[in-house]
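Residue numbers (full-length UniProt numbering): 1 to 425. The structure appears below as structure tokens.
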Amino acid sequence: MTNDASLLKAVKTGDIRQVQALLASGASPDVTDREGTTALMFAANFGYTEIARSLLDAGANVNLGRRRYGLTALMLAASAKSIDIVRLLVSRGADVNATNEDGSTALMVAALKGHAEVVQVLLAAGADVNVKDKDDDTALKLALKQGHVAVVQAIVAVSADVNAQDEEGETPLMLAADLGHLPIVQALLAAGADVKLQNRARSTALSAAAAAGHCAIAACLLDAGADINVQDQDGETALHLAVVEGYTDVVELLLSRGTNVQIRNNLGDTPLLVAALQGYSQIVEMLLRHGADVNVRNFGEVPLTLAVTQGHAQTVQVLLEFGANVNISADDGKTPLIKAAERDRISIIQQLLAKGADVNLQDSAGATALMWATSRGYTKAVQLLLQAGADVNLKNQGGYTALMLAEFNEYQDVARLLRAAGAVE
Numbered sequence: 001m002t003n004d005a006s007l008l009k010a011v012k013t014g015d016i017r018q019v020q021a022l023l024a025s026g027a028s029p030d031v032t033d034r035e036g037t038t039a040l041m042f043a044a045n046f047g048y049t050e051i052a053r054s055l056l057d058a059g060a061n062v063n064l065g066r067r068r069y070g071l072t073a074l075m076l077a078a079s080a081k082s083i084d085i086v087r088l089l090v091s092r093g094a095d096v097n098a099t100n101e102d103g104s105t106a107l108m109v110a111a112l113k114g115h116a117e118v119v120q121v122l123l124a125a126g127a128d129v130n131v132k133d134k135d136d137d138t139a140l141k142l143a144l145k146q147g148h149v150a151v152v153q154a155i156v157a158v159s160a161d162v163n164a165q166d167e168e169g170e171t172p173l174m175l176a177a178d179l180g181h182l183p184i185v186q187a188l189l190a191a192g193a194d195v196k197l198q199n200r201a202r203s204t205a206l207s208a209a210a211a212a213g214h215c216a217i218a219a220c221l222l223d224a225g226a227d228i229n230v231q232d233q234d235g236e237t238a239l240h241l242a243v244v245e246g247y248t249d250v251v252e253l254l255l256s257r258g259t260n261v262q263i264r265n266n267l268g269d270t271p272l273l274v275a276a277l278q279g280y281s282q283i284v285e286m287l288l289r290h291g292a293d294v295n296v297r298n299f300g301e302v303p304l305t306l307a308v309t310q311g312h313a314q315t316v317q318v319l320l321e322f323g324a325n326v327n328i329s330a331d332d333g334k335t336p337l338i339k340a341a342e343r344d345r346i347s348i349i350q351q352l353l354a355k356g357a358d359v360n361l362q363d364s365a366g367a368t369a370l371m372w373a374t375s376r377g378y379t380k381a382v383q384l385l386l387q388a389g390a391d392v393n394l395k396n397q398g399g400y401t402a403l404m405l406a407e408f409n410e411y412q413d414v415a416r417l418l419r420a421a422g423a424v425e
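What follows is the structure in structure tokens.
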């Protein structure tokens, strides 16, 4: 085995005496393995401070890059949290802003790993906090993605651009809000982060917090002056985003701070329409208590018809208690009762009838709730409608009665019920 090969072996095993002896015998301090890893890199990675010092004293090149990936000894020391070696390498002229094949610096490596003390040493040595890697990430962005609060605080303390936007217009504050890192959000705000900046989709940090359900962060952003009613490119407000995900606590916060409950998104939906469709009865009640229009209409539907269609009985109950028009119709003329009957929503039929639903209203085709229930063979629904006084002899625009529909579909049990109620051929 040559002196150079022996030196690599001695470094890997941490044998300082053997290392010094081999260096004295002429072994190259810059010897590498087949992948281009130098003896100094091995020492840095393993935390062998005195071996690293001996190699440097013997003339090792502190800035050699590994052939594979372009790693330097400083990057390896930073990754391994070898703080003494980091200090040593910096003192011997290590380039703190050298980049590897991915565009990462030693600072980025330390930031990603959360090594705050290493980060501070590198910053003191002049590491550039605004360098971006091939993924458009800065050291600050890498640290906050991992929730490394101390690292973020160290970086923003040296005037990093806390309002820097990536290709999508995302800021560190938006990212921290989305990921739920409250201490980092607070640190960024303290460093001057702008709460009103929007990304390319016109979303803000508040939008991100609301959409992810981070109530404490949303409150923090509002305290810092975030626009509570700002709309993104889809017309969604923070309230819309919180409602669609069912984040009750965020909705409550936004309502308590005076958000506009009547704003429509680009599809024309108010938060109440969204909540009714999803069946979030508690949120529906909260919105109604804060002045939401219970009969607001979009694409021919109102909150009540949406809740009925989806079978959300509790939501139906809340809407009715807050004055929803029980006989309101959609654009096709279908009332809530008709929609319930055509889907066999028994409990909802009972709710609507108890609130005074007109059992004989007809849709745009002239069909009543009874006709819809009959045409589908819903015996229980037919019974309820008959008990409520449904007119068995009304005809639709095609001239058909409920009995004709029952006989055509061969629903004999339903036909018997209709005849017993006075239906004629």
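All C-beta atoms in this analysis are idealised placements derived from N, C-alpha and C, irrespective of residue type, glycine included. Since the model is a prediction, treat every value here as computed from it, not as a measurement.
Nearest-angstrom beta carbon gap, residue j and residue i [assumed within contact, 8 Å]
i, j, result
"LEU107", "ALA139", "5 Å"
"LEU189", "LEU144", "13 Å between Cβ atoms; not a contact."
"TRP372", "GLU342", "4 Å"
"VAL156", "LEU173", "Actually they do not touch by this definition, with Cβ atoms about 11 Å apart."
"ILE228", "LEU254", "6 Å"
"ASN298", "GLY279", "Actually they are not in contact, since the Cβ atoms of ASN298 and GLY279 sit about 17 Å apart, beyond 8 Å."
"PHE46", "GLY93", "That pair is no contact at about 22 Å."
Residue(s) in a DSSP beta bridge with residue i
i, result
"GLY65", "THR72"
"ASN298", "GLU301"
"THR38", "THR32"
Residue i versus the options, residue with shortest Cα-Cα distance
i, options, result
"LEU241", "SER256, HIS214, LYS134, ALA390", "HIS214"
"VAL359", "LEU385, ASP331, ASP269", "LEU385"
"CYS220", "LEU182, THR204, ASP232", "LEU182"
"ALA420", "GLY398, VAL382, ASN409", "VAL382"
"ASN63", "PRO29, GLN153, ALA111", "PRO29"
"SER54", "GLU35, ARG67, GLN18, THR72", "GLN18"
"GLY36", "LEU8, THR13, ARG67", "ARG67"
"ARG264", "GLN231, GLY258, GLU252", "GLN231"
"ASP161", "ALA21, LEU142, VAL96, ASN130", "ASN130"
"residue 440", "ASP332, LEU370, GLN397, TYR400", "This structure cannot settle anything about residue 440, because the visible part of the chain is limited to 1 through 425."
"GLN317", "SER347, TYR69, GLU301, THR270", "SER347"
"LYS395", "LYS380, GLU425, GLN412", "GLU425"
"LYS113", "VAL151, LYS380, ASP136", "VAL151"
"ALA111", "SER91, ASP137, LEU71", "ASP137"
"GLN314", "ASP33, ASN229, THR335, GLN350", "GLN350"
"HIS312", "HIS290, ASP332, ASP344, ILE328", "ASP344"
"VAL149", "GLY126, ALA164, GLU117", "GLU117"
"GLY59", "LEU40, GLY65, GLY70, TYR69", "LEU40"
"GLN397", "LEU403, THR379, ALA365", "ALA365"
"LEU125", "LEU142, SER91, HIS115, LYS141", "For the record, residue 125 in the displayed sequence is Ala; it is not Leu. Per the Cα distances, SER91."
"ARG376", "LEU403, PHE46, ASN393", "LEU403"
"GLN146", "ASP128, ALA177, ALA164, ALA127", "ALA177"
"ASP33", "GLY14, LEU7, ALA324", "LEU7"
"GLN165", "GLN282, ALA205, GLY70", "ALA205"
Same chain, Cβ closer than 6 Å to residue i, neighbours up to 5 away in sequence not counted
i, result
"GLN362", "THR368"
"LYS355", "LEU320, VAL326"
"GLU85", "Inspection of the sequence shows that residue 85 is occupied by Ile rather than by Glu. Cβ within range, chain order: ALA44, THR49, ALA52, ALA77."
"ASP102", "ASP133, LYS134"
"residue 431", "Residue 431 lies beyond the range of the chain shown here (1 to 425); nothing can be said about it."
"LEU123", "VAL158"
"SER203", "ASP232"
"ILE16", "GLU50, ILE51"
"LYS334", "ASP363"
Same chain only: Cβ atoms within 8 Å of residue i, ignoring 5 sequence neighbours per side
i, result
"LEU272", "VAL261, VAL284, LEU287, LEU288, ALA292, ASP293, VAL294, VAL296, PRO303"
"SER25", "ASN3"
"MET75", "ALA98, ASN100, SER104, THR105, ALA106, VAL109"
"GLY225", "VAL195, LYS196"
Residues near residue i in its chain [Cβ-Cβ closer than 7 Å; skip 5 each side]
i, result
"LEU277", "LEU306, GLN310"
"ALA406", "THR374, VAL414, ALA415, LEU418"
"ASP249", "CYS215"
"GLU301", "ALA330"
Cβ-heavy atom distance, residue i to the ligand SAM, below 6 Å
i, result
"LEU304", "As presented, the structure is devoid of all ligands, the ligand SAM included, so that no description of it is given."
Quick check: the stretch 192-210 against the stretch 223-240, are there 3 or more CB pairs under 8 Å?
Contact between the stretch 192-210 and the stretch 223-240 is present, because at least three Cβ pairs lie under 8 Å.
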